[in-house]
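Trainee: Residue numbers (the working numbering), protein chains in the order written: chain A, 1 to 294; chain D, 295 to 522. Don't be surprised by glycine CBs; every beta carbon is placed ideally from N, CA and C.
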Amino acid sequence: MRFNLGFFLSEAFKNIRLNLLMSITAVTTTFICILVFGVGLLVSSHVEGIIGSVREDVSVEVFMPGRGEEEVMALEEKANGWEEVASVDRISEEQALAAFKDTFREQPELYENLDRGVLPPSLQIQLTDPDMADEVAGKLKAEGFTEENLSYPQQTIQRLNSVTSYMIWGLYAATVLFLIASVLLISNAIRLSIFARRKEIEVMKLVGASDSFVRTPFVLEGLIQGLLGAGLAALTVVWLNFLFVDWSQEALTFVPISGTSVSTASVLLVLVVVGVAIGVGGSFLSVTRFLRKI
Amino acid sequence: MIRFSNVTKVYGKDTVALERLNLEIDAGEFVFLVGASGSGKSTMVRLILKEMEPSAGAIFVNGTRLSSVPRRRIPRLRRDIGCVFQDFKLLPNKTAAENVAYAMEVTGQRRRVIQTKVPQILDLVGLSGKMDKFPEMLSGGEQQRVSIARAFVSQPPILVADEPTGNLDPNTSVGIMQLLHRINRTGTTVVVATHDREMVDVMRKRVVALEEGRIVRDKVKGAYADEV
Numbered sequence: 001m002r003f004n005l006g007f008f009l010s011e012a013f014k015n016i017r018l019n020l021l022m023s024i025t026a027v028t029t030t031f032i033c034i035l036v037f038g039v040g041l042l043v044s045s046h047v048e049g050i051i052g053s054v055r056e057d058v059s060v061e062v063f064m065p066g067r068g069e070e071e072v073m074a075l076e077e078k079a080n081g082w083e084e085v086a087s088v089d090r091i092s093e094e095q096a097l098a099a100f101k102d103t104f105r106e107q108p109e110l111y112e113n114l115d116r117g118v119l120p121p122s123l124q125i126q127l128t129d130p131d132m133a134d135e136v137a138g139k140l141k142a143e144g145f146t147e148e149n150l151s152y153p154q155q156t157i158q159r160l161n162s163v164t165s166y167m168i169w170g171l172y173a174a175t176v177l178f179l180i181a182s183v184l185l186i187s188n189a190i191r192l193s194i195f196a197r198r199k200e201i202e203v204m205k206l207v208g209a210s211d212s213f214v215r216t217p218f219v220l221e222g223l224i225q226g227l228l229g230a231g232l233a234a235l236t237v238v239w240l241n242f243l244f245v246d247w248s249q250e251a252l253t254f255v256p257i258s259g260t261s262v263s264t265a266s267v268l269l270v271l272v273v274v275g276v277a278i279g280v281g282g283s284f285l286s287v288t289r290f291l292r293k294i
Numbered sequence: 295m296i297r298f299s300n301v302t303k304v305y306g307k308d309t310v311a312l313e314r315l316n317l318e319i320d321a322g323e324f325v326f327l328v329g330a331s332g333s334g335k336s337t338m339v340r341l342i343l344k345e346m347e348p349s350a351g352a353i354f355v356n357g358t359r360l361s362s363v364p365r366r367r368i369p370r371l372r373r374d375i376g377c378v379f380q381d382f383k384l385l386p387n388k389t390a391a392e393n394v395a396y397a398m399e400v401t402g403q404r405r406r407v408i409q410t411k412v413p414q415i416l417d418l419v420g421l422s423g424k425m426d427k428f429p430e431m432l433s434g435g436e437q438q439r440v441s442i443a444r445a446f447v448s449q450p451p452i453l454v455a456d457e458p459t460g461n462l463d464p465n466t467s468v469g470i471m472q473l474l475h476r477i478n479r480t481g482t483t484v485v486v487a488t489h490d491r492e493m494v495d496v497m498r499k500r501v502v503a504l505e506e507g508r509i510v511r512d513k514v515k516g517a518y519a520d521e522v
């Protein structure tokens with residue numbers, strides 16, 4: 001049998017127009033669900049972006065309180081000879097204080113009474129490979145430094161991981177729960193609209209319409225509604241992301257949030273695909289279940 | 295054309311609608327199924343349309359044993375059986391013409407065929423001026439004409455009607471019956487379940503009388519009740 005797309009499309013649009021309130025409900029439900037899902041996706045990708053940028057920080061910092069300048073320079077030379085090391089920067093007490101002052105320039109009371117010498121000199125060792133941080137730390141410990149003298153990404157990551165892994169899993173769980181709730185809500189909205197038209201479906205079957213003939217307009221309807229709701233939600237999510245990145249770059253200068261950790265195109269795509277899948281799947285399942293009963 | 299062979303239908307546990315019923319209807323016949331409410335007329339109609347299965351026995355339509363028709367083949371079966379109901383069963387959101395066209399759309403007919411055939415059939419049932427009216431804007435008799443047009447537009451070999459005049463006044467009923475008679479003259483087998491005594495007596499067709507699920511009388515050119 002020939003597939004008459006024109007007929008099915010005009011049936012779907014007519015159904016949407018005639019059941020406008022029901023259609024608005026379905027579109028709104030999809031919009032809200034996809035919006036919350038999208039915001040969850042945004043938050044988790046930003047958190048992952050922050051962790052990722054910390055991981056990329058491949059430096060080991062060694063603080064050398066009470067050591068003279070010669071000692072610092074000797075270690076610098078030694079470290080430069082290690083194969084894991086890309087480069088070494090020496091930070092004197094004065095430079096450390098200057099950097100501290102610069103960081104807290106808004107709160108001068110913090111450094112008003114600080115003398116040079118309170119902040120120790122340090123070496124910032126850039127590594128060729130971030131995985132080598134443990135080994136370099138080991139070599140530094142062999143030079144007589146303790147764990148407290150060292151600051152390197154493995155520590156940060158371990159600390160970050162213990163805090164954020166729970167957070168991220170919590171977020172994912174919440175997102176998945178919400179997605180399930182959306183599927184239930186949306187398929188319920190579709191089920192209601194089908195139930196309102198059960199008599200029509202029965203008549204269609206009586207005049208010899210096949211299941212797929214009855215189902216196709218409903219599925220197209222779900223597709224249009226899903227596309228509309230999810231499309232609007234996806235655009236809103238992308239807009240919110242721009243607002244958030246803009247705001248964070250001024251208000252959260254310490255946090256490495258970047259606009260690049262979220263790919264606009266893929267967020268749009270994922271959200272629209274999920275929305276359409278829910279719309280199509282929901283109406284397909286609801287009609288099929290109903291058709292089996294008659 | 296239609297054959298009931300030892301058909302029993304029991305609803306629930308012990309409500310017997312049909313009991314060991316045998317009936318044969320030949321091609322081109324016009325048959326009234328008469329009897330009081332609950333005598334089994336509607337059950338027979340629903341069994342012919344395979345809306346449900348008999349508890350025992352077999353039903354043959356057009357040579358096909360209905361119990362051997364799988365679920366997904368039912369639509370094809372129904373396209374060979376036009377059906378008309380007491381409550382018209384029109385699609386409320388479609389005009390008279392669209393309702394008739396729907397029965398052709400389901401069979402995958404070309405748009406051009408549909409556009410020429412629908413006005414012809416609506417003209418035949420006397421509704422050429424009301425093609426674009428929705429069911430709620432039509433009278434009961436007009437709605438029933440639309441539903442007959444829809445049942446007949448694909449020229450099925452069989453047309454079954456369940457109380458087609460049940461909701462109509464006597465004058466309108468005569469028109470509907472005349473329409474069914476005309477359809478029968480084109481060679482279509484027509485089965486009408488009714489308790490419209492007047493109509494049956496006027497038409498003088500084969501009458502099968504049912505009582506509590508059994509055939510109590512089967513008479514060619516019969517009347518609603520036994521003639522003395």
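Could you spell out the range, first to last residue, of the alpha helix (DSSP H) harbouring Ala352 of chain D?
Mentor: As a working mapping, residue 352 of chain D is identified with position 58 in the second sequence. Where Ala352 of chain D is concerned, there is no enclosing alpha helix (DSSP H), although the beta strand (DSSP E) it sits in stretches over Ala350 to Val355.
Trainee: Can you find a C-beta in chain A that's less than 9 Å from the C-beta of Arg439 of chain D?
Mentor: Taking the second sequence and counting its residues from 1, the one referred to as residue 439 of chain D is at position 145. Arg439 of chain D does not count as touching chain A.
Trainee: Starting from the beta carbon of Glu221 of chain A, find every residue of chain D whose beta carbon is closer than 8 Å, and list them in chain order.
Mentor: To locate residue 221 of chain A, count along the first sequence from 1; it is residue 221. None at all; the shortest Cβ gap to chain D is about 13 Å.
Trainee: What are the residues of the segment 367-380 of chain D that lie near chain A, defined by any Cβ-Cβ distance shorter than 9 Å?
Mentor: Under the 9 Å Cβ criterion, the segment 367-380 of chain D contributes Ile368, Pro369, Arg370, Leu371, Arg372, Arg373, Asp374, Ile375, Gly376, Cys377 and Phe379.
Trainee: Rounded to whole angstroms, what's the CA-CA distance from Val440 of chain D to Glu202 of chain A? Just pull it up for me.
Mentor: The count along the second sequence starts at 1 and reaches residue 440 of chain D at position 146. The count along the first sequence starts at 1 and reaches residue 202 of chain A at position 202. The straight-line gap from Cα to Cα measures roughly 18 Å.
Trainee: If we ignore side chains and look at the alpha-carbon of each, how far apart do Gln472 of chain D and Ala230 of chain A end up?
Mentor: By 1-based counting over the second sequence, the position of residue 472 of chain D is 178. By 1-based counting over the first sequence, the position of residue 230 of chain A is 230. Roughly 56 Å between the two C-alpha positions.
Trainee: Keeping to the same chain, check which residues put their C-beta closer than 6 Å to that of Gly376 of chain D; ignore five residues upstream and five downstream.
Mentor: Here residue 376 of chain D refers to the residue found at position 82 of the second sequence. Closer than 6 Å at the Cβ level, and outside the excluded window around Gly376 of chain D, lie Ala445, Phe446, Pro450 and Leu453.
Trainee: Which residue's Cα is closest to the Cα of Val27 of chain A: A:Ala277, A:Ile125 and A:Gln225?
Mentor: Counted from its first residue, the first sequence places residue 27 of chain A at position 27. The candidate whose alpha carbon is nearest that of Val27 of chain A is A:Gln225.
Trainee: Specify, as a first and last residue, the run of the alpha helix (DSSP H) that Asp211 of chain A falls within.
Mentor: Position 211 of the first sequence, counted from the start, is the residue given in the question as residue 211 of chain A. Start and end: Asp211 to Ala251.
Trainee: So with CB distances below 8 Å, who are the chain D contacts of Val287 of chain A?
Mentor: Your numbering for residue 287 of chain A matches position 287 in the first sequence. Here the premise fails: no neighbours, minimum Cβ distance about 15 Å.
Trainee: How would you list, in chain order, the residues of chain A whose beta-carbon sits under 8 Å from the beta-carbon of Val400 of chain D?
Mentor: Taking the first residue of the second sequence as position 1, residue 400 of chain D is located at position 106. Going along chain A in sequence order, the residues near Val400 of chain D (Cβ under 8 Å) are Met204, Val207, Gly208, Ala209, Ser210 and Phe213.
Trainee: Who are the Cβ neighbours of Ala174 of chain A in its own chain at under 8 Å, not counting the five residues just before and after it?
Mentor: Locating residue 174 of chain A in the first sequence gives position 174, counting from the first residue. Correct list, in chain order: Gly40.
Trainee: With burial defined as no fewer than 16 other Cβ atoms inside 10 Å of the residue's Cβ, what is the status of Asp490 of chain D: buried or exposed?
Mentor: Within the second sequence, the letter at position 196 stands for residue 490 of chain D. The residue is buried, with at least 16 neighbouring Cβ atoms inside 10 Å.
Trainee: Using beta-carbon positions only, say whether Ala390 of chain D and Leu416 of chain D come within less than 9 Å of one another.
Mentor: Working through the second sequence from its first residue, we reach residue 390 of chain D at position 96. Working through the second sequence from its first residue, we reach residue 416 of chain D at position 122. Yes, these two residues count as a Cβ contact at 9 Å.
Trainee: Please report whether the beta-carbon of Lys14 of chain A lies at a distance below 9 Å from any beta-carbon of chain D.
Mentor: Here residue 14 of chain A refers to the residue found at position 14 of the first sequence. It does: the Cβ of Lys14 of chain A has a partner Cβ on chain D nearer than 9 Å.
Trainee: Compare the C-beta of Phe7 of chain A against all C-beta atoms of chain D and say whether one is closer than 9 Å.
Mentor: Residue 7 of chain A sits at position 7 when you count from the first residue of the first sequence. Cβ-Cβ to chain D under 9 Å: yes for Phe7 of chain A.
Trainee: In whole angstroms, give me the CA-to-CA distance for Asn200 of chain A and Arg289 of chain A.
Mentor: Counting from one through the first sequence, the residue named residue 200 of chain A turns up at place 200. Counting from one through the first sequence, the residue named residue 289 of chain A turns up at place 289. Rather than Asn, the amino acid found at residue 200 of chain A in this sequence is Glu. Glu200 of chain A and Arg289 of chain A: Cα-Cα distance of roughly 16 Å.
Trainee: Does the segment 497-511 of chain D touch the segment 307-322 of chain D, meaning 3 or more C-beta pairs lie closer than 8 Å?
Mentor: Yes, the segment 307-322 of chain D is in contact with the segment 497-511 of chain D.
Trainee: By a C-beta neighbour count over all protein chains shown, 10 Å radius and 16 as the cutoff for buried, is Lys269 of chain D buried or exposed?
Mentor: Residue 269 of chain D is absent from the model: chain D starts at 295 and stops at 522.
Trainee: Does the separation of the CB atoms of Pro120 of chain A and Met73 of chain A fall below 9 Å?
Mentor: For this step, residue 120 of chain A is matched to residue 120 along the first sequence. For this step, residue 73 of chain A is matched to residue 73 along the first sequence. No, these two residues do not count as a Cβ contact at 9 Å.
Trainee: List the residues of chain A that Arg340 of chain D touches, going by C-beta distances under 8 Å, in chain order.
Mentor: By 1-based counting over the second sequence, the position of residue 340 of chain D is 46. None at all; the shortest Cβ gap to chain A is about 10 Å.
Trainee: Is the beta carbon of Val237 of chain A closer than 9 Å to that of Val267 of chain A?
Mentor: By one-based count along the first sequence, residue 267 of chain A stands at place 267. By one-based count along the first sequence, residue 237 of chain A stands at place 237. Result yes, Cβ atoms of Val267 of chain A and Val237 of chain A sit closer than 9 Å.
Trainee: Taking Cβ to Cβ, would you say Tyr396 of chain D is nearer than 9 Å to Ala209 of chain A?
Mentor: As a position in the second sequence, residue 396 of chain D is number 102, starting the count at 1. As a position in the first sequence, residue 209 of chain A is number 209, starting the count at 1. Yes, Cβ-Cβ distance for Tyr396 of chain D and Ala209 of chain A is below 9 Å.
Trainee: Is the segment 494-504 of chain D close to the segment 411-431 of chain D, with three or more CB pairs under 8 Å?
Mentor: Touching, no.
Trainee: Could you tell me whether any Cβ in chain A is nearer than 9 Å to the Cβ of Pro451 of chain D?
Mentor: The count along the second sequence starts at 1 and reaches residue 451 of chain D at position 157. Output row for Pro451 of chain D: interface = no.
Trainee: So, at 7 Å on beta carbons, what are the nonlocal neighbours of Lys411 of chain D in its own chain, with the 5 sequence-adjacent residues on each side left out?
Mentor: Position 117 of the second sequence, counting from 1, holds the residue named residue 411 of chain D. So the qualifying residues of the chain are Met398 and Val447.
Trainee: Taking the Cβ atom as the reference point for each residue, do Ala233 of chain A and Phe31 of chain A lie within a distance shorter than 9 Å?
Mentor: Working through the first sequence from its first residue, we reach residue 233 of chain A at position 233. Working through the first sequence from its first residue, we reach residue 31 of chain A at position 31. Result yes, Cβ atoms of Ala233 of chain A and Phe31 of chain A sit closer than 9 Å.
Trainee: Does the beta-carbon distance from Val207 of chain A to Gly281 of chain A come in below 9 Å?
Mentor: Stepping through the first sequence from its first residue, residue 207 of chain A is reached at position 207. Stepping through the first sequence from its first residue, residue 281 of chain A is reached at position 281. No. Outside cutoff.
Trainee: Using a Cβ distance threshold of 8 Å, determine whether the segment 85-95 of chain A contacts the segment 124-138 of chain A, with at least three qualifying pairs required.
Mentor: The segment 85-95 of chain A is in contact with the segment 124-138 of chain A.
Trainee: Express the C-alpha separation of Phe242 of chain A and Phe145 of chain A in angstroms, rounding to a whole number.
Mentor: By one-based count along the first sequence, residue 145 of chain A stands at place 145. By one-based count along the first sequence, residue 242 of chain A stands at place 242. Roughly 45 Å separates the two Cα atoms.
Trainee: If you measure between the beta carbons of Gly322 of chain D and Thr466 of chain D, is that distance less than 9 Å?
Mentor: In the second sequence, counting from the first residue as 1, residue 322 of chain D sits at position 28. In the second sequence, counting from the first residue as 1, residue 466 of chain D sits at position 172. It is not a contact, given that the beta carbons lie outside the stated cut-off.
Trainee: Going along the chain, which unbroken runs of the beta strand (DSSP E) with 3 or more residues stay wholly within the segment 78-138 of chain A?
Mentor: Listed in chain order, the complete beta strand (DSSP E) runs (minimum 3 residues) inside the segment 78-138 of chain A are 85-91 and 122-127.
Trainee: Between the C-alpha atoms of Gly138 of chain A and Ala99 of chain A, what's the straight-line distance to the nearest angstrom?
Mentor: Here the question's residue 138 of chain A lines up with position 138 in the first sequence. Here the question's residue 99 of chain A lines up with position 99 in the first sequence. Cα-Cα distance, rounded: 28 Å.
Trainee: At a Cβ threshold of 9 Å, is Val20 of chain A touching chain D?
Mentor: As a working mapping, residue 20 of chain A is identified with position 20 in the first sequence. Checking the sequence, you will find Leu at residue 20 of chain A rather than Val. It does not: the Cβ of Leu20 of chain A has no partner Cβ on chain D nearer than 9 Å.
Trainee: Alpha helix (DSSP H) containing Phe298 of chain D: first to last residue?
Mentor: Position 4 of the second sequence, counting from 1, holds the residue named residue 298 of chain D. No alpha helix (DSSP H) contains Phe298 of chain D, which is instead part of the beta strand (DSSP E) from Ile296 to Tyr305.
Trainee: Say the cut is 8 Å; is the CB of Val47 of chain A nearer than that to a heavy atom of the ligand MN?
Mentor: Among the components modelled here there is no ligand, and therefore nothing to report on the ligand MN.
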